[in-house]
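Residue numbers (UniProt numbering): 1 to 666.
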C-alpha cells in the first residue's frame, strides 16, 4: 500500500535487466523486477527495482553529476536514505532521494555498470520525468520488447526487457505527462519534446503546488515558475530542502541561494566577468527631489496639438505630457499606436489610413497561413502544434478581472488566441513563449481591433524579444544593470541583500520579464506602460522603477532583519499592493538624482544613456536647494499648462511644480 500522496499510475512485474554478469561473458544474468510510474502531486517518477529489493531503500542508484556534467552512477549513502523513523513510508523517502544526488567525477558517463555492495550488484533506480531525454525501443519482431531510457547528459540506464507483455502501455502512460516524438534519424527512438523547453511550458497555479514539484519546475522552467502567483514560494523551497534531523529541518539560506543561482540556466552572474564591469564606490547623490505628476492628457489637448493634415505639431511636448500624467482612456486607442511605433510621429492622417490598409492585408495573409493548416499537416509540424497548445493554455489563464476577457467563449479570448497564433507565423523562430499573452492582453483591450492590436504587439515585442530568447541573455543583462543602479542608489541596502544571499535580485525576475504586468492592477498597468513607452527621462527607466519599489521596501526588510526566505516572500506578496503614481514619482526622482550626479560612474551613464561629458559642475542647468546640478534633459521639465498631482494626490499648479523642483527652462 502507498500513502495518499502517492499514486501508482502504472505497474508491471516481469520487467528484466539482462546484466551480462553471468559465469560466461556471453550469457546474460536475468534480474527480474517491477517497474512503476508513480505520481506525487504534480511530479512523476519512473521506478524499477529487483523483486528482492522492494523494501530496501538503501540500494537505490542515483544519477550524479558535477558542474562539468560528468556523470556517474553512485549509491546514495545509506544514512541519507534509511530514514524510516522520520518518514511515513519508504516511498516517501525514496521520492526525496531524487534530489539527494551525489556529486563525483568519473571518466565515463554511462549507467551500465552497477554499484557493488558487499560483492552483490544492486540495480534499483528511479528518475524524474523532468530528467528524461529519450526512449529507445526494440525492433518489432525481435525477441522480447525492451526500452532503454536515456537521461539528460546522455546517461543511459540499463535496458528493461518486458518478458510478460510489451512496453506499449508504459509509453501510453508516459505520453500523459510528456510529449514524445519519433526521432527523424531513428524511428525506434522517442524524443522527449524539448523545443524551447525552458521557456515554453504551460503556466502552473502555484498556490497548490507541491514543494518538490516547485523545485523541479524552477530548475526546468524558471519562466513559468517566476510568472506564476507564488506567494508561498518560500515555504515550498524550504520544505523541499528538509534535512533528516527532525529538530532542525531547514538548510542554511546560503544553500537555498546557491540552488536558485544554479536553477535558472544562463542567469548565474559573475559581474566581474561581464564586459564594462565597474566597481561602484559610495557616491553622494544628494537629496532626492520632490516630484509631482499632472493630470492625464485629454483628447482636447491631443487634438489641439495636431495640424490640419493630422500631424503631431510638438512631439516632445506630447511625450513629456504623457510621461508626467499618462493618457485619458479615450485617447489610448490612438496614442498607443504612436508610442509603440506602429504609427510614425510625423505621419499625416491619410498616410496612417494607407498604412492601416496595407497592414490589414498583411495580417490576414499571415492569419490565413495557420488557419489553412489541416489537422494532418499540423500533426507533422510539431513546432506549430506545440505553439497552439501553449497558446490555448495561456489564453485560458488570462486575467478575467477585466470585463473584456470575462467568460469562457469571450470574443476577446478568441482574438487573443488568433493574434498570438498569427505572431507565430510572423516570427516562427521565436514562436510563442510563456508571458507573451501577458504583454498582449492590455494592448488588445485598448485597441479593440484585431489588426491594430497585432501590429502594436509586434512593435512591443521588438522591444521585449530579448526577454524571451532561450539563452536569457537579455534577462541576465537587466539583472546586472539593476544591481549596478541599486548599488549606486544605496550601497548599504545592496550589501545587506548580499549578506542574505539575495544580491543577484532574482526576485525581480518577473518584474523585468513582463514589465510588471503581474504586480499592478489592469488599469494601473495601462498607465505604467504608456509612461515607459515615452522613453523618458532616460534609457531603462523600468530599472529605476525596480529601484523605486525596492527602496520603498528597504526599511521594512532591514528593520525586521529579513533573511533570504523572508525577502523572497515579502517581495512576491507586493503584487497588486503597489501605488503606481507613488512609484512613478519616486522613480523619476531617482532619475533626477542620478542624471545630476557630478561623478556618475561610466557604467551607470551607459545604462541610462547619459553623455558623461555633459554632466559637469559648469553645466548651464539650475541647482536645487542642496546644490545638486539638474542637468537632466530639461525639455522634459518645461512648464506644462495642465495641473499636476503630487504623489499623495494633492493638486498643484505647474508653476508651483517648477518652483518645487527649481528646474531649468528648455
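Idealized CB from N, CA, C, for every residue including glycine. Here the structure is a predicted model, which is why all the values come from computation and not from measurement.
- Sequence-distant Cβ neighbours of residue 405 in its own chain, meaning closer than 8 Å and more than five residues away, are 398, 399, 412, 413, 416, 441, 445.
- Looking at the DSSP output, residue 50 sits in a beta bridge with 33.
- Going by beta carbons, residue 291 and residue 321 fall outside the 7 Å limit.
- Taking the Cα positions, residue 463 is about 21 Å away from residue 449.
- In this structure, the alpha-carbon of residue 502 lies about 21 Å from that of residue 578.
- A contact between stretches requires three or more CB pairs, one per stretch, nearer than 8 Å, and the segment 5-18 meets this requirement with the segment 30-50.
- By alpha-carbon distance to residue 473, the top candidate from 287, 519, 513 is 513.
- Secondary-structure assignment with DSSP links residue 146 through a beta bridge to 161.
- By the beta-carbon neighbour count (other beta carbons within 10 angstroms, threshold 16), residue 492 is exposed.
- Rounded to the nearest whole angstrom, the C-alpha separation of residue 375 and residue 436 is 25 Å.
- Of 549, 138, 553, the smallest CA-CA separation from residue 585 is found for 549.
- Segment contact: the segment 529-541 against the segment 602-610, three or more CB-CB distances shorter than 8 Å; contact assigned.
- Listed in chain order, the non-local C-beta contacts of residue 418 below 8 Å within the same chain comprise 367, 450, local neighbours out to five positions each way being set aside.
- Ranked by how close their Cα comes to the Cα of residue 301, the residues 325, 287, 154, 574 have 325 in first place.
- Taken through DSSP and simplified to helix, strand or coil, residue 128 comes out as strand.
- Residue 361 and residue 334 have their C-alpha atoms spaced approximately 20 Å apart.
- Leaving aside the five residues that flank residue 516 on each side, the residues in its chain whose CB is nearer than 8 Å to its CB run, in chain order, 525, 528, 542, 545.
- With a threshold of 16 other beta carbon atoms within 10 Å, residue 169 falls short and is exposed.
- Taking a cut-off of 8 Å for Cβ pairs, the segment 342-355 and the segment 383-397 do not touch, as fewer than three such pairs fall below it.
- Using a 10 angstroms sphere on the CB of residue 293, the tally of other CB atoms reaches 16 or more, which defines it as buried.
- At the C-beta level, residue 592 and residue 289 come within 7 Å of one another.
- A distance of 7 Å or more separates the beta carbons of residue 443 and residue 520.
- By alpha-carbon distance to residue 422, the top candidate from 507, 459, 364 is 364.
- Residues of the same chain with a CB within less than 6 Å of the CB of residue 150, apart from the 5 flanking positions on each side, are 133, 134, 156 in chain order.
- Put simply, of 410, 432, 383 the residue whose alpha carbon is nearest the alpha carbon of residue 396 is 410.
- Rounded to the nearest angstrom, the gap between the Cα atoms of residue 29 and residue 182 is 31 Å.
- In the three-state reduction of the DSSP assignment, residue 9 falls in the strand class, which pools E and B.
- In this structure, DSSP gives residue 443 a helical state, which the three-state scheme calls helix.
- Burial state of residue 495 is exposed, judged by a 10 Å Cβ sphere holding fewer than 16 other Cβ atoms.
- Per DSSP, residue 396 is one residue of the alpha helix (DSSP H) stretching across 382-396.
- Burial of residue 589 is indicated by the presence of at least 16 other C-beta atoms within 10 angstroms of its C-beta.
- In terms of Cβ geometry, residue 177 and residue 44 form a close pair [threshold 7 Å].
- Annotated three-state conformation of residue 514 is coil, per DSSP.
- With distances taken between CA atoms, residue 312 lies nearest to 338 out of 480, 180, 323, 338.
- Here residue 315 is exposed, its C-beta having fewer than 16 other C-beta atoms within 10 Å.
- DSSP places residue 343 in the coil class of the three-state scheme, outside both helix and strand.
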